[in-house]
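Working notes, structure below.
Residue numbers (the working numbering): 32 to 180.
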């Protein structure tokens, strides 16, 4: 109530409110400005290559190709990238290819969705860290190998 009777007090109180709003806008714009480039980059990578990602660093892509044809393309791609194939194992709905390069452990799972559709799931680990860039590149290069044949 003392502020209502004091004109200078009212002026000081009314000046603080716009300052709070300006400060809040400045802080929000600073914090949120980083979201747009990340979203645009994630959209650009996904849209350009058709590769899906998870927050855990796993990369996915579904190919219109039978599993044996995609397996052949994956192995050729890994060899071209100078990545040593370690083993190929049967899994519930397809196959798992394990490979190694430098300090990275690579697993490519091929899941047969239909006789002519196969989903590729790639994970690359470097110690406890996931390497989604390498996982994505393996899928992109496999797609190129598949399209060359």
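Ideal Cβ placement from N, Cα and C applies to all residues, glycine included.
Residue burial classification, residue i (beta-carbon count within 10 angstroms, cutoff 16)
| i | result |
| --- | --- |
| residue 174 | buried |
| residue 170 | buried |
| residue 92 | buried |
| residue 163 | buried |
| residue 85 | exposed |
Residue i versus residue j: straight-line alpha-carbon distance, rounded
| i | j | result |
| --- | --- | --- |
| residue 96 | residue 160 | 31 angstroms |
| residue 156 | residue 146 | 30 angstroms |
| residue 152 | residue 110 | 18 angstroms |
| residue 119 | residue 83 | 23 angstroms |
| residue 108 | residue 87 | 23 angstroms |
Supposed close pair residue i, residue j - CB separation, criterion 8 angstroms
| i | j | result |
| --- | --- | --- |
| residue 90 | residue 177 | That pair is no contact at about 16 angstroms. |
| residue 128 | residue 139 | 4 angstroms |
Neighbourhood of residue i by C-beta distance below 6 angstroms, restricted to the same chain and skipping five residues each side
| i | result |
| --- | --- |
| residue 99 | none |
Own chain partners of residue i with C-beta closer than 8 angstroms, once the 5 adjacent residues on each side are dropped
| i | result |
| --- | --- |
| residue 126 | 98, 102, 119, 120, 140 and 141 |
### Task
Output the residue ranges of the beta strand (DSSP E) runs that lie fully inside the segment 132-159 and measure 3 residues or longer, sorted by chain position.
135-145 and 148-157
#### Entry: In chain order, each beta strand (DSSP E) run of at least 3 residues that lies wholly inside the segment 89-114
90-94
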